[in-house]
Amino acid sequence: MNHDDVWNAIERFAGEHNMSCSRLARQSGLDATTFNRSKRWSKEGKNRWPSMQSISKILSATGESIDGFVKYLPKK
Numbered sequence: 286m287n288h289d290d291v292w293n294a295i296e297r298f299a300g301e302h303n304m305s306c307s308r309l310a311r312q313s314g315l316d317a318t319t320f321n322r323s324k325r326w327s328k329e330g331k332n333r334w335p336s337m338q339s340i341s342k343i344l345s346a347t348g349e350s351i352d353g354f355v356k357y358l359p360k361k
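Residue numbers (the working numbering): 286 to 361.
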């Protein structure tokens with residue numbers, strides 16, 4: 286699992302729940318920009334990973350389990 290895998294999983298997860306990433310964030314009680322592409326790297330170009338707290342909040346907001354999220358990660 287790598288940085289892109291996790292962010293792509295969030296995008297697919299949002300889409301499967303008929304939401305944009307921005308709407309998913311708002312529904313989860315997060316700032317609407319939490320999952321924006323511009324926030325995925327620091328100004329220095331280092332990867333920024335979503336926090337486990339953010340993942341937990343999107344799971345709660347959608348009623349999904351962690352297994353429901355993990356299925357969007359690639360099998361390697």
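Ideal Cβ positions, reconstructed from N, Cα and C, are used throughout, including at glycine.
With a threshold of 6 Å on Cβ separation, who are the neighbours of residue i within its own chain once the five nearest residues in sequence on each side are excluded?
{"i": "A310", "result": "A317, T319, F320"}
Counting C-beta neighbours from all protein chains within 10 Å, is the total for residue i 16 or more, i.e. buried, or is it exposed?
{"i": "S313", "result": "buried"}
{"i": "I343", "result": "buried"}
{"i": "I295", "result": "buried"}
{"i": "E334", "result": "The displayed chain sequence assigns Trp, not Glu, to residue 334. The residue is exposed, with fewer than 16 neighbouring Cβ atoms inside 10 Å."}
Smallest Cα separation from residue i: which of the options?
{"i": "H288", "options": "A299, S327, S305, S350", "result": "S327"}
{"i": "N303", "options": "T347, P359, V291", "result": "T347"}
CB-CB under 8 Å to residue i, same chain, minus the five flanking residues each way: which ones, in chain order?
{"i": "Q332", "result": "Reading the sequence as shown, one finds Asn at residue 332 and not Gln. Excluding positions up to five away in sequence, the list reads H288, R325, W326."}
{"i": "Q338", "result": "none"}
At a Cβ threshold of 8 Å, is residue i touching chain B?
{"i": "T318", "result": "In the structure shown, chain B cannot be found, because there is only a single protein chain."}
Pull up the DSSP beta-bridge partners for residue i, would you.
{"i": "N332", "result": "W326"}
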